[in-house]
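J.: Residue numbers (the numbering used here): 2 to 205. Backbone N, C-alpha and C define an ideal beta-carbon position, used for all residues, glycine too.
1) Out of 203, 113, 159 and 154, which has the shortest C-alpha to C-alpha gap to residue 35?
2) From the DSSP output, in three-state form, read off residue 195 for me.
3) Mind reading off the beta-carbon distance from residue 28 to residue 147? Whole number of angstroms is fine, and I expect it under 8 Å.
4) Taking 6 Å as the limit between beta carbons, can you name the residues of its chain near residue 88, skipping five residues before and five after?
5) With a 10 Å radius around its C-beta and 16 neighbouring C-beta atoms as the bar for buried, classify residue 14 as buried or exposed.
6) Return the CA-CA distance between residue 49 and residue 97, expressed in angstroms with no decimal places.
7) Rounded to whole angstroms, what is the Cα-Cα separation between residue 203 and residue 186?
8) Should residue 161 be labelled buried (16 or more other beta-carbon atoms within 10 Å of its own) or exposed?
9) Would you give the residue range spanned by the beta strand (DSSP E) that residue 150 belongs to?
10) Can you check which of these residues, 90, 23, 6 and 21, is closest to residue 47 by C-alpha distance?
11) Compute the Euclidean distance between the alpha carbons of residue 85 and residue 139, then round it to the nearest angstrom.
12) Within 10 angstroms of its Cβ, does residue 101 collect 16 or more other Cβ (buried), or is it exposed?
13) Which residues in the same chain have their Cβ closer than 8 Å to the Cβ of residue 192, if we skip the five residues on either side of it in sequence?
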């Protein structure tokens, strides 16, 4: 059986928001934005790794109903200030040590992602997959959540700066597939205005 380790990238600085956006309270349940994303990821994989910035408040993980501390592992990223590439390197290095065949990468500010979408990604990747990656899309290329095969981990180690894996996925030698998702899954929550719009979209 293919061993897929979940990575929740939660080491962002929330600079544009001006406050930790993962601590924002999501409507309809006693949970924060970050906790909702972690709970969704837990529905697809066991013991996901939560990549965080050292010294960063983890208040978004505590006093939240339905989120067991035993159900995830905190993984500090020493180079978090470098950008997303550092989080990916930290996460895939830990996944390698765990004997993972692949990682399922999700961002900590994707509260509109669905359980069904995550299940579809894992199902498509499949056991003994010959695919190098499977990603969600809104029609504009691969986007998180995304599954990356261990065959890509060495290439991820070479990433630098605030770039994700898209540069790697464009390499023609790789075999990947896209799964169409509702565009709302990729809604950016970087400012207070976008946050207000996200709440409106969720409750209507």
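T.: Short version:
1) 113
2) helix
3) Actually they are not in contact, since the Cβ atoms of residue 28 and residue 147 sit about 27 Å apart, beyond 8 Å.
4) 10, 12, 52 and 78
5) exposed
6) 13 Å
7) 11 Å
8) exposed
9) 144-150
10) 6
11) 21 Å
12) buried
13) 17 and 18
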